[in-house]
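Trainee: Per UniProt numbering, residue 1 is the first one in the sequence shown, and the count goes up by one each step.
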Amino acid sequence: MLSFSLVNRSLIKPIRLSRITLLSSLHPRKCTARPLFKHRLNRFYATDSENTISKPDLSLVKSSDMDQRFRDLEGSHFDTYSFFKTLVEGGYNEKEAEAFLDVTNMFITELLRHSHMTYLSEADFENFSYLFRTALSELRSEKINMRKDQISTLRAGLFSNQREVEGLEQLVHEHLNKLGTESKMEFENRKNDTRNDVQQLSAKIVELHNLLSVSLGKLRAENEKQKWEQIRKAAVVVMSFTGFLVLVIPLGLRFRSKKKERAYNVEELNEYGQDRKRDDYPDSTISHL
């Protein structure tokens, strides 16, 4: 029974074996042997310089020409006596059985060599695992150091940015304080100017009020003067008219009384004249008249 320590076959890509073309095999009843291979067998070795170079052709029965590195694999856990005895009992002669034995041994050796070149042993796997873990730890430590360096760089940049921000904040506060002071001074100056303008306007308003008061006083005096003049003129006119009436009314009464007297005298004279005529004419004439 073959036994070989193999681990994790999916990690390694298998290497293709040389193609072997089997033409015919020996019949157990017939003792005639025929050639077994049309093409000679090419083997591949795991050396760095001869990985893709084929070795000289090997014989079917001579296994001593194999590589010395794989000689320990030849016949490993392979009971050649039982195999040879089984072939002889099956009808093959000794030469044919020996040939089959050598070919089978060669195939087993080739398969073991292929397994040795294709798969990893536990020791190699442990070595590679250790190297991988070591490289992984180195990569992790390098990554951690790089991250620490980046963090320290970012922290230094952050501190510098914070200092710049603090400087800018202080500068902004200074400018704001300066602007506040300047605005307060400007406001106070403007307030004082406005107060002065208001005082000047108040003085002008008071002056205009005084001028208006004086002008109104003068106008009131002129008005009173004209009023008294009109009153005086009206009084003179009234007194003149009253004096005229006082003078004219007695004259009119006297003239009226004289006129009445004249009318009375005329009436008396007329009555007297009529009386005389009545006396002078007869009654018929008077009635006729």
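Ideal Cβ positions, reconstructed from N, Cα and C, are used throughout, including at glycine.
Return the chain-ordered ranges of every alpha helix (DSSP H) run that is complete within the segment 161-228 and spans a minimum of 4 residues.
Mentor: none
Trainee: Just the C-alpha distance for Val238 and Asn223, rounded to the nearest angstrom, thanks.
Mentor: 22 angstroms
Trainee: Provide the residue(s) that pair with Leu154 in DSSP beta bridges, ordered along the chain.
Mentor: According to DSSP, which records beta bridges pairwise, Leu154 is partnered with nothing at all.
Trainee: Contact between the segment 82-89 and the segment 97-107 is defined here as three or more beta-carbon pairs at a separation below 8 angstroms; is this criterion met?
Mentor: Touching, yes, given that three or more Cβ pairs across the two stretches are closer than 8 angstroms.
Trainee: Suppose you measure from the CA of Leu208 to the CA of Leu245; what does that come to, to the nearest Å?
Mentor: 53 angstroms
Trainee: Just the Cα atoms here: how many angstroms apart are Val266 and Ile231?
Mentor: As the crow flies, the alpha-carbon of Val266 is around 50 angstroms from that of Ile231.
Trainee: Label Tyr264 either buried or exposed according to how many other C-beta atoms from any shown protein chain fall within 10 Å of its C-beta, with 16 as the threshold for buried.
Mentor: exposed
Trainee: For the alpha helix (DSSP H) containing Asn105, list its first residue and its last residue.
Mentor: Where Asn105 is concerned, the enclosing alpha helix (DSSP H) starts and stops at 94-118.
Trainee: Which whole-angstrom value describes the C-beta separation of Leu139 and Phe128, a residue pair presumed to lie in contact below a C-beta threshold of 8 angstroms?
Mentor: About 16 angstroms separates the Cβ atoms of Leu139 and Phe128, ruling out a contact at the 8 angstroms cut-off.
Trainee: With H, G and I counted as helix, E and B as strand and the rest as coil, what does DSSP make of Asp79?
Mentor: coil
Trainee: Is Ala263 close to the ligand SAM? I mean its beta-carbon at under 6 angstroms from any heavy atom of the ligand.
Mentor: Judged by which ligands are present, the structure shown has none, so any question about the ligand SAM falls away.
Trainee: With DSSP collapsed to three states, give me the class of Gly91.
Mentor: coil
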